[in-house]
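Undergrad: This is the structure I want to talk about, given as structure tokens.
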Amino acid sequence: MRILKQNKYEIDMCNGSIMDKLISFSLPLMLSGILQLMFNAVDIIVVGRFSGSVALAAVGSTTALINVFTNLFIGISLGANVLAARFFAAGKEKEMSETVHTAITLALISGVIMAFVGLIFSRGALELMDTPEDVIGQSTLYMKIYFLGMPFFMLYNYGAAILRAVGDTKRPLIFLIISGVVNAGLNMILVIVFHLDVEGVAIATVISQLISCVLVLRCLYRSQTSYQLRFSKLKINTAYLKQIFQVGIPAGIQSTVINFSNALLQSSVNSFGSIAMAGYTAANNIFGFLYMSVNSVTQACMSFTSQNYGVRKYKRMDKVLIDCIIISVVTALTLGCSAYFFGSEILKIYTKDSEVIQCGMEIMAYTTVPYFLCGIMDLFPGALRGMGHSAVPMILSVIGTVGTRIVWIFGIFPNHRSLSVLFISYPGSWILTIVMQVICFYFVRRKVHKSA
């Protein structure tokens, strides 16, 4: 058992009541995600209001593609989170330190790689997505500038993953507030005052990522615990890298492939023209608020499961999952129904164009109210990753979500071309994936409990 004294930011995940600690862990993480999206929404709102629908479409059309490029490495950070949580709970200080320094080194390397990938392949990737000629120039410019900030983006995410592993979700929230306020202010100045349009938004994003990166690294550096960062110790320990990869690579592949299916869906939306693209951009931003809300519960489930797995409290892991399902469903239903019923008013924040609003509402009809299904779908793989099982949940998620959407996009959509037909694939894929993940979880859980 861990014998280190907790600081005021850490949460004891292995003892005491569960529900209130899950909420204490999830709420700052949820607020962090929502604030991040709010600051991203400021990007979209400023561009849409002051640079026009083409610039709005240019920024929005890059989202799925950026996620395809980055989510493999972000997924790997989950491996660092799981491993760090396990070592921290067990009081293994040397192993914890090695994990921290390996993870931060990996973040730096992957960030530099992604910067080069973005600079070289942005235009070609956008062309493959059938991005319209009136949009592709600005989209390419936005992506190239955005990817220059990848090293900062990766370092922040891996650093925040380490903090989450010890139950600290409050300080990453504070860092995000600081960088987000700077981002919003720079957007106003660069776009409205200097008329830099999409490049202004991208520059503001890179600067804000630099700030959040510096803050999280400073936090780790000043720590007096087993997760203290020392730049002189930065190196890749292959033994720990292998363990990070065992959990992280399947999670990263899953996220990348799912976002590839979203990129295919973006390509289908592109075929309707810039009005539909702008509607999807606005609706997708709202959709992101729902994702961040339930994803925070998934992150909590994974971290709590990993720590309790590390100290062999298997029955407590079951209680963690049940409480997470309750929190996720209640949160998603509340926010999803609110987003749909007030959808047209919310969309007016992004644009005054009635056609864009109509397209956005058509999309939201199939992606907001049933979003609780997505929350349930993600919780079971989260629990399995916390126990160190990542490959099979990845395969099932790819089959259930990506497979369903690809069949839908290429098999059904061409004969029934409408946004409604396109986006009904979302709830259908969620239901199928839930069934498969529950079956997988049942067998893994039984095996783990038998080993107790």
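Take the sequence shown: its position 409, counted from the start at 1, is 1075 in this note's numbering, and no numbers get skipped. From the three backbone atoms N, C-alpha and C, an ideal C-beta is built for every residue, glycine too. This structure is a prediction, so every number in the text was calculated from the model and none was measured.
(1) Given a threshold of 16 other Cβ atoms within 10 Å of its Cβ, counted over all protein chains shown, does D678 qualify as buried or as exposed?
(2) Using 10 angstroms around the beta-carbon of E761, count the other beta-carbons present and answer buried if the total reaches 16, otherwise exposed.
(3) Roughly how many angstroms lie between the CA atoms of A755 and D800, to the nearest whole one?
(4) Is it buried or exposed for L1119, if we count other Cβ within 10 angstroms and need 16 for buried?
(5) Which stretch, first to last residue, makes up the alpha helix (DSSP H) that contains W1096?
(6) The ligand COA and E1021: does any heavy atom of the ligand fall closer than 7 Å to the residue's C-beta?
(7) Under the three-state reduction of DSSP, which class applies to C680: helix, strand or coil?
(8) Buried or exposed for N681, going by 16 or more other Cβ atoms inside 10 Å?
(9) If you reduce the DSSP assignment to three classes, tell me which class I902 lands in.
(10) With a threshold of 16 other CB atoms inside 10 Å of the CB of R1083, please say whether the residue is buried or exposed.
(11) Closest by CA to F873, which one among R837, F1046, G815?
(12) So, are the CB atoms of R1051 and A917 less than 8 Å apart?
(13) What does the alpha-carbon distance come out to for the pair L807 and R752?
(14) Hey, how far is the Cα of S972 from the Cα of L1088?
(15) Starting from R982, trace the alpha helix (DSSP H) both ways and give me its first and last residue.
(16) Thinking just about the alpha-carbon of each residue, which of R982, K901, S1056 is nearest to the one in G741?
(17) What residue from T835, F953, D709, S788 has the CA that sits closest to I855's CA?
(18) Is the segment 776-788 close to the segment 890-910, with three or more CB pairs under 8 Å?
(19) Indicate whether the contact test is met: 3 or more Cβ pairs, each with one atom in the segment 703-723 and one in the segment 987-1005, closer than 8 Å.
(20) What is the DSSP secondary structure of V977, reduced to helix, strand or coil?
(21) Nearest CA to the CA of G945: which residue from V963, I1023, S763, T1033?
(22) Measure the Cβ-Cβ separation of A769 and I828 and say whether it is below 8 Å.
(23) Can you check whether the C-beta of N681 is within less than 8 Å of a C-beta belonging to chain D?
(24) Report the rounded CA-to-CA distance for S1141 versus V1068, giving the unit in angstroms.
(25) Expressed to the nearest angstrom, what Euclidean distance is found between the alpha-carbon atoms of K674 and T835?
(26) For L931, count neighbouring Cβ atoms within 10 angstroms of its own Cβ and tell me buried if that reaches 16, exposed if not.
(27) Give the straight-line distance between the Cα atoms of V880 and L895, rounded to the nearest whole angstrom.
(28) Let me know the alpha helix (DSSP H) ranges lying completely inside the segment 780-827, each 4 residues or longer, listed in chain order.
(29) Answer with buried or exposed for R888, where buried requires no fewer than 16 other C-beta atoms within 10 angstroms of its C-beta.
(30) C990 and C967: beta carbons closer than 8 Å?
(31) Quick one, are the C-beta atoms of N747 and A831 less than 8 Å apart?
(32) Label V864 either buried or exposed according to how many other C-beta atoms from any shown protein chain fall within 10 Å of its C-beta, with 16 as the threshold for buried.
(33) Checking 8 Å against the spacing of the C-beta atoms, do V857 and S717 come in under that value?
(34) With a cut-off of 8 Å on the beta carbons, I'd call A1005 and I1078 a contact; round off their distance for me.
(35) Taking the straight line between their C-alpha atoms, what separation do you get for Y812 and S788?
TA: By the coordinates alone:
(1) exposed
(2) buried
(3) 54 Å
(4) What is shown of the chain runs 667 to 1118, which leaves residue 1119 out entirely.
(5) 1091-1116
(6) As far as ligands go, the structure on display features none, and thus does not contain the ligand COA.
(7) coil
(8) exposed
(9) coil
(10) exposed
(11) The sequence shown places Ile at residue 873, not Phe. Of the candidates R837, F1046, G815, the one whose C-alpha sits nearest the C-alpha of I873 is G815.
(12) yes
(13) 42 Å
(14) 37 Å
(15) 980-1007
(16) S1056
(17) D709
(18) no
(19) no
(20) coil
(21) I1023
(22) yes
(23) The question asks about chain D, but that chain is absent: this structure has only one protein chain.
(24) Residue numbering for the chain in the displayed model covers 667 to 1118; residue 1141 lies beyond these limits and cannot be assessed.
(25) 11 Å
(26) buried
(27) 13 Å
(28) 799-814
(29) exposed
(30) yes
(31) yes
(32) buried
(33) yes
(34) In fact, because the Cβ distance is near 26 Å, the residues do not count as touching under 8 Å.
(35) 11 Å
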